[in-house]
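Notes for the one structure printed next.
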Amino acid sequence: AAAVLPSGALLEDLEIDPGPLLRELRYRTCLEAPSAAESEHLEQAYYKPLRMLRERWWWNPMAMGVLAKQLAEQSFVLIDGFLPEEQVRRLRECNERLYRDSAMQRGGTTGGEQRVGLPHRGDHVKWVDYSGPGEESKVSAALTASIEEAIDAMSQCAEREAPEAAKALKRLRWRSEAMLTCYPGETRARYFRHSDNSSGNGRLLTAIIYLNDGWSPGHGGELRLFHGGEQ
46 AAAVLPSGAL LEDLEIDPGP LLRELRYRTC LEAPSAAESE HLEQAYYKPL
96 RMLRERWWWN PMAMGVLAKQ LAEQSFVLID GFLPEEQVRR LRECNERLYR
146 DSAMQRGGTT GGEQRVGLPH RGDHVKWVDY SGPGEESKVS AALTASIEEA
196 IDAMSQCAER EAPEAAKALK RLRWRSEAML TCYPGETRAR YFRHSDNSSG
246 NGRLLTAIIY LNDGWSPGHG GELRLFHGGE Q
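Here you go:
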């Protein structure tokens with residue numbers, strides 16, 4: 046005798062030993078899953094606090110010191126997993142909705158002649174005022190608050206590890222609007238080599254947050270930084 050379980054597993058020789066089938070039937074008959082309230086308690090009391098520690102790994106003073114040193118010596122830092130998962134999800138959903146609803150405009154270049162089009166920029170852009178009523182303003186304001194919090198902490202650590210970086214960070218006085226952007230893969234969208242301060246607009250620091258879910262190097266879209274010349 047044999048039996049096939051819903052999972053596809055095959056139990057054979059049941060006439061000799063029906064125990065495996067009886068245990069399976071008892072398991073499926075008596076199994077009592079945790080209630081939604083019990084699962085939520087575990088999530089809020091234990092799992093979420095632990096994830097927050099992992100998500101904010103960069104908040105460790107030692108990590109901040111290394112980041113400040115890299116900023117001073119290399120002029121950039123990379124913070125993997127900077128934002129909490131929920132915040133990333135809200136930003137991504139907002140960005141996708143704006144693109145889907147044609148609320149973004151084709152990106153253009155400034156610093157002289159205005160140029161729009163694939164040879165220069167293939168992205169779609171939405172500039173967002175932090176005080177606006179829409180969801181894009183709310184998620185952008187939350188993002189900026191996280192960035193400013195990191196800058197303040199890095200500035201304090203940099204006073205010991207990299208005084209020049211601390212001095213530069215303290216020069217930050219204002220922020221521009223948030224730029225929500227989509228680079229459509231079907232058009233191989235890109236943004237050609239440029240400087241965010243080519244026209245002397247006062248920008249000192251650029252923060253770029255990637256929102257792609259499940260991204261891997263083979264997907265493309267990496268940011269290339271230049272240290273002067275072609276290097």
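46 is the number of the first residue of the sequence shown in the working numbering; add one for each residue after it. Just so it is clear, CB atoms sit at the ideal spot from N, CA and C, and this is done for glycine as well.
In the structure shown, residue 59 falls within a coil segment according to DSSP collapsed to helix, strand and coil. Nearest C-alpha to residue 239 among 116, 185 and 166: 166. Residue environment analysis places residue 148 among the exposed positions, since fewer than 16 neighbouring C-beta atoms fall within 10 angstroms of its C-beta.
Boundaries of the beta strand (DSSP E) around residue 170: 169-173. In the structure shown, residue 91 falls within a helical segment according to DSSP collapsed to helix, strand and coil. Relative to the Cα of residue 170, the nearest Cα in the group 187, 250, 145 and 192 belongs to 145. Counting the other Cβ atoms within 10 Å of the Cβ of residue 226 gives 16 or more, which makes it buried.
The residues 227, in chain order, have a CB closer than 8 Å to that of residue 141 in the same chain once the five nearest residues on each side in sequence are set aside. Between the beta-carbon of residue 168 and that of residue 234 there is about 5 Å, and that keeps the pair under the 8 Å contact cut.
Counting only runs that start and end inside the stretch 197-237, the alpha helix (DSSP H) elements of at least 4 residues fall at 208-214.
The beta carbon of residue 211 lies closer than 6 Å to those of 200, 203 and 204 in the same chain, with the five residues before and after it left out. 8 Å or more divides the Cβ of residue 78 from the Cβ of residue 59.
Rounded to whole angstroms, the gap between the alpha carbons of residue 269 and residue 219 is 26 Å. One thing to note: residue 192 has its Cβ no nearer than 8 Å to the Cβ of residue 214. Closest in C-alpha terms to residue 208, from the list 118, 187 and 74, comes 118. In the displayed model, residue 49 falls within a strand according to three-state DSSP. If you draw a straight line from the Cα of residue 93 to the Cα of residue 52, it is about 31 Å long. One thing to note: residue 217 has its Cβ no nearer than 8 Å to the Cβ of residue 136.
Excluding its 5 nearest sequence neighbours in each direction, residue 187 has C-beta neighbours in its own chain below 7 Å: 132, listed in chain order. Judged by their CB atoms, residue 50 and residue 69 are nearer to each other than the 8 Å cut-off. Residue 129 sits close to residue 100, with the two beta carbons spaced by under 8 Å.
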